[in-house]
Every structure is written in C-alpha cells, then in structure tokens.
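Report on one structure; see the data block that follows.
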Amino acid sequence: MKPLIIVFSLSSVPKSVVLVYQSFKFVLHYKIKFLFGINILRLLLPIAILLLPIVLLYAYFNRKTSDWSLRLFEMTQRLIDKLLSIAPIKRQNATEKALCIVRLDVVGDYILTRNFFAPFKEHYKDYKIVFIGNSIIKDLSVVADSPYVDEFIFLDHSIWNQYNGYIHSRQHAFRFLRYLLKFFIKRYNELLMLKKTHYEIAINPILPWGDILRDDIVMKHLDASFKVSVRHEPFVDRGHHSVYVSDGKISHFYTHLFNIPKVSKFLFEFHQDLFSAFFKTFKGVDLAPVSFGMELPPSSVLKESSQNLLNGLSSRYGVLNLGSSDFFRCYRYFNRIVRYLNEDIQLVICGTTPTEAKEAAKLVKAHKMPYR
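Residue 1245, in the numbering used here, is where the sequence shown stops; the numbers in between run on with no holes.
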C-alpha cells in the first residue's frame, strides 16, 4: 500500500485545521493499528474527510461575523427609514419657531461644541433652542447648558452608540439578534418622536468621517426647513480614515453644506469656522471668537457625589478626560502630561468606558496619585 501524502501550507489555514492535520500526521508516522489488525488510518480518514469541511466553514463564518452583523444592522436601519417615510405624523408646533443642534457624541466632542450654544441664544432670541444629544451626557449638559438651551432631547446611548460591540463579537449571535430587536423598536420610536416637531433650522456640526453617521440619520428624519452640515475633504495626514462620506450620500437631505478649509486643526477651531460661516450666511453677522473652556456650575446644582469630590480637591486642580471610544484616536502621551502636571496641580482623571477605567488605574499607580 502506497503512503498517503497530504501537502498544504499551515500558515494559510485556521489553527483548528492545523490541529486536525497534525493529529493525522502523528498517526501516519507511527502506523498504529488496532488489536484485531484494523488500520486506524482507514477508520479515521473518512471521519476527517467529513469533519474538515465543517471546520473550514466554521472558520470562514467566524471571520464573516462582522460582515453579516453589519449588514443586518444596515438592513434594519433601512427598514426603519422606510416605515418612517410612510408613517402618519401629527405635528406638535406648527406655529412655533425652533432651531435645533444635533450632537450625539459623548463627553469630549460635546465639550468642544457646547460653547457655541451661547451665540445661538443671543442671535436667535425669538427662537426655541433645542439640543439633541447623547443620554450619557444628560446630567452634565442640563446643568451647564440650561442658560442657552430651552429644551433637551437625549437619545438612548445603548441604541445610538454601542452596536459596534455586538458587530465585532463572534460568539454572541443570539445576543446580537436580541439587541437588533431592541435597536429596531427603540430607534423607530425615537425617530418617530423627533419627526413630530418642525424646526426652522437644524444643524449637524459633525465632520463626515465615514459612512452616514448616527447624527446624519437623525438629521434625515427631522422635519426642518433648513438642514445644515459641513462638506469636508479628508485630511491628507489622517491615513487611518480610509473611507469618507461622499456628497451624494447626504446632499439629498441637507439644504446647506458649508465648505470648510482643508487643514488639520483642533476640533474647537473647526467649530469656530463652521459656526462663523453659518452666522454669516443666515444672519449676516460676523461671529466673535468664542472662548474655549467650561465654567464649573454652582455646587448647589451638583449631585452629592460630585460635591464630595469637589470638597476634597485643592484650589489648583485639573481634569484629564482620557477618551476615546476608538483606540487609534487615544492620546499616546498621557503619562507625560500627568508627570508634568501632577507636580503642582491635583488631577481628576475622567472616562466613560471600562477600558478608560483601566487606563486611569495605570496612571494612578505609575505616578502615585491619590485615587478617586
């Protein structure tokens, strides 16, 4: 009997397939036989032939989990779009003039936007100013922005920000499908609620980094006479952004797309350019430079836990927000910042995710900072 020879590259197949191959290589090498002369190779070879396609299919679909999860998510959003387009809507404020600003990012980008609420209150005194934001910043925004915002609408963070955690999970298909049902019901109801209010002007100040974003989805379904956003070309030095929204994808539901200069700059300065262009176009006024920073609200309006934290701080302290939800955007030199500032300033390290909590613990341990 001629020996059976199997030839393939181990580097190009999954580990599970390599394990099957190595098992049979052992058997072929030592030619083990059963007590009654039955050749074990003859017994196992048909089983291997049957199991190998299953192993290969499992490995293939494991790699494709992200693809089909994302497709299901996109199909669900398209279904929501279609149902909302035919749903009967009863308007709630047909005569009231209102202006809304949409920003569904979390703490960092929100802070770089909220200072521009004040000019809207100044130049649109006869308008109702509405802020549509992420529920995770609700406590902060209501306290800090109430002087400039007449109404707050906060959309559920778990539905508008966390589906990526399920898309990239290979072993939780059932959890993803259950989440998809919750996603469908919650998003449909929230968008239906938003469609009931008419706005004279709706503004989305977010940069179009990728495909149609959650902010664009909200803007698409808002009932507004003017829908404003930004037309922006990708930065030449931001290679990690490989896909950008094309004007054709969003121009059909925006009435105004402002052209912002193609330069790399601090996001707050970008907002200065965008809102300056807006006020020049819609009000014919030159927007004065908006100061950067955020004043601490009175302690009387803070929660007890926040009051206790403030009472324990020295007169010189700073807040370090770790960010970000995407690893490649996290700042690499927090250690240097902490080492430089911690000599004279008491630092409060903030974050919103378990990953940021771990990073904060590392900084506290490395620099022997008091933990809070």
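Cβ atoms here follow ideal geometry from the backbone N, Cα and C, with glycine treated the same way.
Between the C-alpha atoms of residue 1129 and residue 1103 there is a straight-line separation of about 8 Å. Here DSSP, grouped into helix, strand and coil, assigns residue 1213 to helix. Counting of Cβ neighbours within 10 angstroms places residue 964 among the exposed residues, the total staying below 16. Within the same chain, and ignoring the five residues on either side of residue 1060 in sequence, the residues whose Cβ sits closer than 7 Å to its Cβ are 953, 1032. Just so you know, the alpha carbons of residue 1051 and residue 955 end up roughly 21 Å apart.
Here residue 1226 is exposed, its C-beta having fewer than 16 other C-beta atoms within 10 Å. Approximately 4 Å separates the beta-carbon atoms of residue 973 and residue 1003; this is inside 8 Å, confirming the contact.
Here residue 943 is not near residue 1087, since their CB atoms are 8 Å or more apart. If only uninterrupted beta strand (DSSP E) runs of at least 3 residues are considered, those enclosed by the segment 957–1012 are 971–976, 1001–1007. For residue 1195, same chain residues with a beta-carbon under 6 Å away, outside a window of 5 residues either side, are 1224, 1229, 1232 in chain order.
With contact defined as three or more Cβ pairs closer than 8 Å, the segment 976–993 and the segment 1154–1166 are in contact. Residues of the same chain with a CB within less than 8 Å of the CB of residue 1186, apart from the 5 flanking positions on each side, are 1219, 1221 in chain order. In this structure, DSSP gives residue 1098 an extended state, which the three-state scheme calls strand. Exclusion of the five residues before and after residue 1146 leaves 1133 as the residues of its chain whose Cβ lies within less than 6 Å of its Cβ.
Of the residues assessed, residue 983 falls on the buried side of the cut-off, its CB having 16 or more other CB atoms within 10 angstroms. In the structure shown, residue 1075 falls within a strand segment according to DSSP collapsed to helix, strand and coil.
With a 10 Å radius around the Cβ and a threshold of 16 neighbouring Cβ atoms, residue 1137 comes out exposed. Cβ contact annotation for residue 969 (same chain, cutoff 7 Å, sequence separation greater than five): 1001, in chain order. The DSSP-derived three-state label of residue 1022 is coil. Beyond the five residues adjoining it in sequence on each side, residue 1024 comes within less than 6 Å, by CB distance, of 1003 in the same chain, given in chain order.
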